[in-house]
Amino acid sequence: MVKADGYGLGMEDVVRTLESEDPWGFGVATVEEGLRLRGAGVTIPVIIFNPVPPGSYDSAVAHDLTLTVSDLDSVERVAAAATRTGQVGRFQVEIDTGMGRSGFDWRRVAEWGPGLVDRTSSTSIWEGCYTHFHSADLVDDAPTRTQWENFNAALERLEPEKGSLIHACNAAAAMRYPTFAADAVRPGIFLYGGSIGEGVAPPEEVVRVRARVTLIRDVPQSTTLGYGATYRSSGNERWATLGIGYGDGFPRVLGNRGSALLAGQRLPIIGRISMDMTVVDITGAGGVQVGDVATLIGRDGDGVIPLDEIADLAGTISYEILTGFTARMPRIWMTE
Ligand SMILES: Cc1ncc(COP(=O)(O)O)c(C=O)c1O
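Going left to right, the sequence shown walks through residues 30 to 365 as the numbering used here numbers them.
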């Protein structure tokens, strides 16, 4: 899965990196993302995993992107787009087993199954079926097992043609339920360094978020800091201003809560985070100079601020932290 700009890391670079693993295809959320992949020279299958607006079908079919369908109208749209563009339309059928946001209802195969078969042709090809687990990251395995059973019950009634691609697992399911792997898995977050729940070792660190010290100030007691003056120096203090803020996607909620690795130490972020600046208390931390690099997420020497720790502290999930980084943040790729 490389949607949302490769989980915020930069889709084209992510794809270049993943290509060495020889994936069957790539998963995206929108036709525009699919077009970006085609524009970047991707020739392997690209599946658009979200329902898309009716006006986008022609463009998807014209660029050989596989659509996913959740109702019979969408199946018809694929066929109509194939006729209009003179290209083969490809679609996969999402079966909703509890996620609820999209997909045909697994309980009602008898209602939609026959219509699906009727609307499939040599120019509008039904290529596979899938479902999506809602709780594969939880220790309680009951919901995932139930979804898997219901998916299989639907498939039994549907009888997709041999060779149809059957898939269900996101990263958490791929790691926790290898027997549900079927024909393909759709890992996302684990590839990008996000944990997939208790009991599974966290992935290798992938992302580091860093910013330079742009100013150092020595301040006397009672100096206020930031919007709302939520921090006030309790004595003589030394503050380092970093060139990063919420305008870069560094969560504002980490003001007075987060920390930064600097000069081999973990130092507190003080005051509210501004759009473009974050201030760290470096009082007593020797050796910090303007131009030094602070690490806000990831490893620096022996120190580490895990991505998931930041997500917890910000009251969210690693996905939102990663996809929240804005275009202003340069993405620098390093091999180790
Ligand atoms: C249909 C589908 N499959 C797979 C994934 C990948 O999920 P994850 O990043 O949890 O591995 C997603 C992401 O939400 C998805 O929507």
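Every residue, glycine too, gets a C-beta built ideally from N, C-alpha and C.
Compute the beta-carbon to beta-carbon distance between residue 330 and residue 353, rounded to the nearest angstrom, for a pair I have assumed lies under 8 angstroms.
By 1-based counting over the sequence shown, the position of residue 330 is 301. By 1-based counting over the sequence shown, the position of residue 353 is 324. 26 angstroms between Cβ atoms; not a contact.
Which residue marks the beginning of the beta strand (DSSP E) containing residue 121, and which one marks its end?
Residue numbering aside, residue 121 sits at position 92 when the sequence shown is read from its first letter. 118-125 is the span of the beta strand (DSSP E), which, as asked, contains residue 121.
Name the residue from 168, 149, 44 whose alpha carbon lies nearest to the alpha carbon of residue 229.
Locating residue 229 in the sequence shown gives position 200, counting from the first residue. Comparing Cα positions, the closest option is 168.
I'd like the span of the beta strand (DSSP E) that includes residue 220, first residue to last.
Start at 1 with the first residue of the sequence shown, and residue 220 comes out as number 191. Neither: residue 220 is in no beta strand (DSSP E) and is coded neither H nor E.
Ligand 1 heavy atoms versus the CB of residue 181: any closer than 8 angstroms?
Counting from 1 along the sequence shown, the entry for residue 181 is found at position 152. Not so, every heavy atom of ligand 1 lies at least 8 angstroms from the Cβ.
Would you check if there are 3 or more beta carbon pairs closer than 8 angstroms linking the stretch 336-352 to the stretch 295-302?
In short, these stretches do not touch, since the Cβ pair count stays below three.
So the candidates are 178, 300, 177, 226; which of them puts its Cα closest to the Cα of residue 258?
One-based indexing of the sequence shown puts residue 258 at position 229. Of the listed residues, the one whose Cα sits closest to residue 258 is 300.
In angstroms with no decimal places, state the Cα-to-Cα distance between residue 113 and residue 154.
The residue given as residue 113 occupies position 84 in the sequence shown. The residue given as residue 154 occupies position 125 in the sequence shown. Going by the C-alpha atoms only, they are around 15 angstroms apart.
Using DSSP's beta-bridge definition, name the partner residues of residue 239.
Taking the first residue of the sequence shown as position 1, residue 239 is located at position 210. According to DSSP, which records beta bridges pairwise, residue 239 is partnered with 324.
Is residue 267 helix, strand or coil when you go by DSSP?
Translated into the one-based positions of the sequence shown, residue 267 becomes position 238. Residue 267 falls in the strand class under three-state DSSP.
What three-state label does DSSP hand residue 197 in the structure shown?
By one-based count along the sequence shown, residue 197 stands at place 168. Correct three-state label for residue 197: strand.
Assuming the contact rule is C-beta atoms closer than 8 angstroms, residue 56 and residue 30 should be a hit. Round their C-beta distance to whole Å, please.
Numbered from 1 along the sequence shown, position 27 holds the residue referred to as residue 56. Numbered from 1 along the sequence shown, position 1 holds the residue referred to as residue 30. Yes, residue 56 and residue 30 are in contact; Cβ-Cβ is about 4 angstroms, under 8 angstroms.
Residues in its own chain within less than 7 angstroms of residue 150 by CB, not counting five upstream and five downstream?
Position 121 of the sequence shown, counted from the start, is the residue given in the question as residue 150. Hits under 7 angstroms: 108.
Taking contact to mean at least 3 C-beta pairs separated by less than 8 angstroms, is the stretch 190-201 in contact with the stretch 128-142?
No, because fewer than three Cβ pairs between the stretch 190-201 and the stretch 128-142 fall closer than 8 angstroms, the two stretches do not touch.
Determine which residues share a DSSP beta bridge with residue 75 and list them.
As a working mapping, residue 75 is identified with position 46 in the sequence shown. Bridge partners of residue 75: 55.
Assess, as a yes-or-no matter, whether the stretch 32-49 is touched by the stretch 83-92 under the definition of 3 or more beta carbon pairs within less than 8 angstroms.
The stretch 83-92 is not in contact with the stretch 32-49.
Residues bridged to residue 298 by DSSP?
Here residue 298 refers to the residue found at position 269 when the sequence shown is read from its first residue. Paired residue(s): 309.
Going by DSSP, which residues form a beta bridge with residue 7?
Outside the displayed range of the chain (30 to 365) lies residue 7, so it cannot be described from this structure.
Take residue 128 as the anchor and find which of 70, 102, 105, 197 has the nearest alpha-carbon.
As a position in the sequence shown, residue 128 is number 99, starting the count at 1. Looking at the Cα atoms, 197 is the closest of the given residues.
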